[in-house]
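Colleague:
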Amino acid sequence: MLDCPVCHYQNHHLAINCSSCGSFLQARVENLDLFATAWNILERPRKTFHTIAIAKHKNYVVPLSMLSGVAIIYSIFWITKAGDHAESLLNILTASVAVGPPLGIFTLFTLGVLIASLGKIVRSKVRLRDAFAIAVYALIPIDLSIFLILPIKLLSFGQYYFTSNPSPYLLKPNIYVVLLILDGTFTLWSMVLLFLGIQKLLDRAWITILAIGLGACGILVGMIVTVLRLLFPSLA
Ligand SMILES: [Zn+2]
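For the sequence shown, numbering that gives the first Met the number 0 gives the first residue as 0, with consecutive numbering after it.
1) Counting C-beta neighbours from all protein chains within 10 Å, is the total for Phe48 16 or more, i.e. buried, or is it exposed?
2) Name the residue from Leu24, Gly183, Ile51 whose alpha carbon lies nearest to the alpha carbon of Asp32.
3) Between the region 129 to 144 and the region 174 to 192, are three or more C-beta pairs nearer than 8 Å?
4) For Asn39 and Ser233, I'd like the C-alpha separation in whole angstroms.
5) Ile211 and Gly111 - do their beta-carbons sit closer together than 8 Å?
6) Specify the secondary structure class of Ala54 as computed by DSSP and reduced to three states.
7) Taking the alpha-carbon of Thr162 as reference, which of Leu88, Val5, His12, Ser19 has the nearest alpha-carbon?
8) Is Cys17 near ligand 1, judged by its Cβ being under 7 Å from some heavy atom?
9) Using the C-alpha atoms, what's the distance from Leu13 back to Ile141?
10) Buried or exposed for Gly221, please, with buried defined as at least 16 other CB atoms from any protein chain shown within 10 angstroms of its CB.
11) Nearest to Arg27 by CA position, among Ala54, Arg126, Ala35, is which residue?
12) Taking its Cβ as the centre, do 16 or more other Cβ atoms sit within 10 Å of Ser19, making it buried, or is it exposed?
13) Just reading off the alpha helix (DSSP H) that Pro150 is part of, what are its end residues?
14) Could you give the distance in angstroms between the alpha-carbon of Pro172 and the alpha-carbon of Leu178?
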């Protein structure tokens, strides 16, 4: 809660103006700068999530979620061993560019809906656009992995990074293990950022934040797995 210095009305912690007397409670943020926000989210996540939450315009959320979608589809290719069915690396690249962006928008928007809905259970007022923006910016480390890790995967293994026979581990065990550790680190980093972002939105105890974050991610992964199983019955 944010105490109004003029009338002492208890306002929502992200309010710009006092709901009672209209006094300014904190500086307004109009726009988000892409590179400054992306950098600051890695350096000062709490402060930056606050800026994102109070920003009037949630700039770049759609292009960034499209980028995250590319990272997500490559993870799905890896989990489903899509390389076994692809004729060449070109097929995998084409599919990632075609399916990744819409998948990213759908996935992150749904994550925003889940965070906002679960927030209501603990009586926290969360606007959907704030939750969507927090989810998108929390995935900046995963977005970075597209530029830092994915090229190494594709150059070292080609389509065999995504095959079960031969397994990439058998082809180049050392590089494969390093890439798995890097992937895990970037994913964990994004998860931590997501929890920090949810905390900034909900302003609740950490146990509540953990439950909501894990609940939202669990439901989302469940939805993706269900859709994949319906589309590709052979996976089940
Ligand atoms: Zn006031």
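Quick reminder that beta carbons are idealized off the backbone N, C-alpha and C, glycines included. Values in this document were obtained by computation on a predicted structure and should not be read as measured data.
Modeller: According to the structure data:
1) On the sequence shown, residue 48 is found 49 positions in, with the first residue counted as 1. When all chains shown are included, Phe48 counts as buried.
2) Within the sequence shown, numbered from 1, the residue matching residue 32 stands at position 33. Nearest of Leu24, Gly183, Ile51 to Asp32, Cα basis: Ile51.
3) yes
4) Here residue 39 corresponds to residue number 40 of the sequence shown, with the count starting at 1. Here residue 233 corresponds to residue number 234 of the sequence shown, with the count starting at 1. One C-alpha to the other measures close to 43 Å.
5) Residue numbering aside, residue 111 sits at position 112 when the sequence shown is read from its first letter. Residue numbering aside, residue 211 sits at position 212 when the sequence shown is read from its first letter. Cβ atoms of Gly111 and Ile211: not closer than 8 Å.
6) Translated into positions along the sequence shown, residue 54 becomes position 55. Ala54: strand per DSSP, three-state reduction.
7) Stepping through the sequence shown from its first residue, residue 162 is reached at position 163. Looking at the Cα atoms, Leu88 is the closest of the given residues.
8) Within the sequence shown, residue 17 is the residue found at index 18, counting from 1. Answer for Cys17: yes, Cβ within range of ligand 1.
9) In the sequence shown, counting from the first residue as 1, residue 141 sits at position 142. In the sequence shown, counting from the first residue as 1, residue 13 sits at position 14. Computed Cα separation, rounded: 27 Å.
10) Numbered from 1 along the sequence shown, position 222 holds the residue referred to as residue 221. Exposed: under 16 other Cβ atoms inside 10 Å.
11) For the purposes of this step, residue 27 is identified with residue 28 of the sequence shown, where counting begins at 1. The candidate whose alpha carbon is nearest that of Arg27 is Ala54.
12) In the sequence shown, counting from the first residue as 1, residue 19 sits at position 20. It counts as exposed.
13) Taking the first residue of the sequence shown as 1, we reach residue 150 at position 151. Here the alpha helix (DSSP H) through Pro150 covers 149 to 156.
14) To locate residue 172, count along the sequence shown from 1; it is residue 173. To locate residue 178, count along the sequence shown from 1; it is residue 179. Taking the straight line from one Cα to the other gives about 10 Å.
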